[in-house]
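A.B. asks: Dropping a structure here in structure tokens format, bear with me for questions.
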Amino acid sequence: AGMTTPPKPNIAIIGVSNNAPNVAISSPANGTTYTAPTNIAFTAVASDHDGTISKIEFYQGNTLLGTATTSPYTITWTNATPGTYSITAKATDNNGAVTTSTALTIVVNKPAASTYIYQSTTSDIWTTTADWNPASIPTDYDTAIIRSGEVKIAQNYGGVVKLEPNGIFRITDNISAND
Numbered sequence: 011a012g013m014t015t016p017p018k019p020n021i022a023i024i025g026v027s028n029n030a031p032n033v034a035i036s037s038p039a040n041g042t043t044y045t046a047p048t049n050i051a052f053t054a055v056a057s058d059h060d061g062t063i064s065k066i067e068f069y070q071g072n073t074l075l076g077t078a079t080t081s082p083y084t085i086t087w088t089n090a091t092p093g094t095y096s097i098t099a100k101a102t103d104n105n106g107a108v109t110t111s112t113a114l115t116i117v118v119n120k121p122a123a124s125t126y127i128y129q130s131t132t133s134d135i136w137t138t139t140a141d142w143n144p145a146s147i148p149t150d151y152d153t154a155i156i157r158s159g160e161v162k163i164a165q166n167y168g169g170v171v172k173l174e175p176n177g178i179f180r181i182t183d184n185i186s187a188n189d
């Protein structure tokens, strides 16, 4: 009698799959409104049942706002300007699978505008904010009226008023003179 060949084992090759992570923005709530200029903190919750979270990227449309690599997954968008924005969080797991959250909408409103009258009290010497009425420093979206005595020299209409580092005020938009 001869030797018998043992039966060949049945071997099945099973592919290893990588399940995508789960991600959702937990803060702020959808529809939250802010007043510019403002800093906005975003937080996302994420999980990956077959691995770990490598990073969470926060986007405003297609613009990357920031990346968080540890929980709690939080970033801060600094100096957000007026507008309506769509924000998403994109989670990437340790094997490269990616999931993007449902978008949330936030609104950043313009600050309440004020009118500042800048009038010389001593001929043409305007050196202090005390010459502003009200006596404070204007910000973006305020209106500035410049007077010498009773004569209005110029006015901007909702333009941008900037205080430069050297202390000079610059009206950069929508100015009309001698009206």
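Everything in the sequence shown is counted per my numbering, starting at 11 for the first residue and increasing by one.
Heads up, the beta-carbon is just placed ideally off N, CA and C, and yes, glycines get one too.
All values derive from a computational prediction rather than experimental measurement.
1. Going by C-alpha distance, which of T14, P16, P31, T115 is nearest I55?
2. Could you check where the beta strand (DSSP E) with S37 kicks off and where it finishes?
3. Taking A51 and S37 to be in contact with their CB atoms under 8 Å, please state how far apart those CB atoms are, rounded to whole angstroms.
4. Please report the distance separating the alpha-carbon of N40 from that of A101.
5. Where does the unbroken beta strand (DSSP E) through K120 begin, and where does it stop?
6. Taking its Cβ as the centre, do 16 or more other Cβ atoms sit within 10 Å of I135, making it buried, or is it exposed?
7. Are the CB atoms of A90 and T48 within a distance shorter than 8 Å?
8. Nearest to G106 by CA position, among N29, P17, K18, is which residue?
9. Among L114, P82, D58, V108, which one has its Cα closest to the Cα of Q70?
10. For T43, count neighbouring C-beta atoms within 10 Å of its own C-beta (all shown protein chains included) and say buried if the count is 16 or more, exposed if not.
11. Decide if L75 is buried, meaning its Cβ has at least 16 other Cβ atoms within 10 Å, or exposed.
12. Quick one: what's got a C-beta closer than 7 Å to T110's C-beta in the same chain, skipping five residues either side?
13. Could you tell me the alpha carbon to alpha carbon distance between E67 and D103, rounded to whole angstroms?
14. Going by C-alpha to C-alpha distance, which of V117, T94, I85 sits closest to T53?
15. Leaving out five residues before and five after S96 in sequence, what residues of the same chain have Cβ atoms less than 8 Å from its Cβ?
C.D. replies: In short, the structure shows the following:
1. On the sequence shown, residue 55 is found 45 positions in, with the first residue counted as 1. Here the sequence assigns Val to residue 55, which means Ile is not the residue at that position. Of all alpha-carbon atoms in T14, P16, P31, T115, the one lying nearest the alpha-carbon of V55 is that of P31.
2. Counting from one through the sequence shown, the residue named residue 37 turns up at place 27. Run containing S37: 32-37, per the beta strand (DSSP E) assignment.
3. As a first step, residue 51 must be located in the sequence shown, where it is residue number 41. As a first step, residue 37 must be located in the sequence shown, where it is residue number 27. Contact between A51 and S37 holds, with the beta-carbon distance rounding to 7 Å and staying under 8 Å.
4. Within the sequence shown, the letter at position 30 stands for residue 40. Within the sequence shown, the letter at position 91 stands for residue 101. So the alpha carbons of these two residues sit roughly 19 Å apart.
5. The residue you call residue 120 lines up with position 110 of the sequence shown. Here K120 belongs to no beta strand (DSSP E), and DSSP marks it neither H nor E.
6. Sequence index remark: in the sequence shown, residue 135 carries index 125 (1-based). No answer about I135 holds up, because its pLDDT of 46 lies below 50 and its placement is not dependable.
7. Stepping through the sequence shown from its first residue, residue 48 is reached at position 38. Stepping through the sequence shown from its first residue, residue 90 is reached at position 80. With respect to the 8 Å criterion, T48 and A90 are classified as neighbours on the basis of their beta carbons.
8. As a working note, residue 106 is residue 96 in the sequence shown. Looking at the Cα atoms, N29 is the closest of the given residues.
9. As a first step, residue 70 is located in the sequence shown; it is residue number 60 there, counting from the start. Closest by alpha carbon: L114.
10. Residue mapping note: residue 43 aligns to position 33 of the sequence shown, counting from 1. T43 comes out exposed.
11. Your numbering for residue 75 matches position 65 in the sequence shown. Result: buried.
12. The residue you call residue 110 lines up with position 100 of the sequence shown. T98, K100.
13. Along the sequence shown, read from residue 1 onward, the residue named residue 67 stands at position 57. Along the sequence shown, read from residue 1 onward, the residue named residue 103 stands at position 93. E67 and D103: Cα-Cα distance of roughly 12 Å.
14. The sequence position of residue 53 within the sequence shown is 43, counting from 1. Distances from the alpha-carbon of T53 to those of V117, T94, I85 put I85 closest.
15. Position 86 of the sequence shown, counted from the start, is the residue given in the question as residue 96. When the five nearest sequence neighbours on each side are left out, the beta carbons in the same chain lying within less than 8 Å of the beta carbon of S96 are those of Q70, G71, A113, L114, T115, in order along the chain.
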